[in-house]
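Taking our numbering, the leading residue of the sequence shown gets -19, the next gets one more, and so forth.
Working notes, structure below.
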Amino acid sequence: GVPPRAASERPEAEAAAAWLRARGVAPERILTEPTSRNTWQNAARCALILERYPVDASRILLVTDPWHLPRAMLAFRAHGLRTRGAGCTVPAAERPPALARLLTHEAAGLAFYLWRWLLLALTSDGRGRSAC
C-alpha cells in the first residue's frame, strides 16, 4: 500500500511488481497486496491472499530494509506465513539521515508487534484470525 508519510502515492506493491516484470518475471507469477498501510496489515492480507494458492511458504521470500526485517518477519510469522527473509543492501548514500531514530522506531515497533502476536495467539483460531 501507501504508508503514511510516504514519498510517493504509488503503492509499493505496484512498484515492486513493475520491477519484477521488467526483469522477466511472468505477470501471472506475481501476487500483489496494494492496500495495506503498515506491515501488520500487509502480513494479514498476504496470508488471506495466499490461502487461495498452493504455495509452499518456505519458497516465499520477504525482502525489506535490513533494519525493518525483524519486525516484518515477526508480523508475517504471526499470521502463519513461515517466510524466509532477506534484508536488501542499502548503499551508504541512500541510508536514512536519522538512522538512530529509525532503529528506535523499529525497536518500539518490534515490541508492539510481539504484544499484538500474543493477543492474536490468545484470541485466534490457530490460523491468525480471530475466533469471534
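We put the CB at the ideal spot given by N, CA and C, even for glycine.
Classify residue i: buried if its beta carbon has 16 or more other beta carbons within 10 angstroms, exposed otherwise.
{"i": "Glu(-11)", "result": "exposed"}
{"i": "Tyr33", "result": "exposed"}
{"i": "Phe56", "result": "buried"}
{"i": "Gly89", "result": "buried"}
{"i": "Trp20", "result": "buried"}
Could you check what DSSP says for residue i in three-state terms: helix, strand or coil?
{"i": "Trp97", "result": "helix"}
{"i": "Arg64", "result": "strand"}
{"i": "Phe92", "result": "helix"}
Cβ of residue i within 8 Å of any heavy atom in the ligand SAH?
{"i": "Thr69", "result": "No copy of the ligand SAH occurs in the structure displayed, which carries no ligand at all."}
Unbroken alpha helix (DSSP H) runs of length 4 or more, entirely within the stretch -19 to 66: which are they?
-8 to 2, 19 to 30 and 49 to 58
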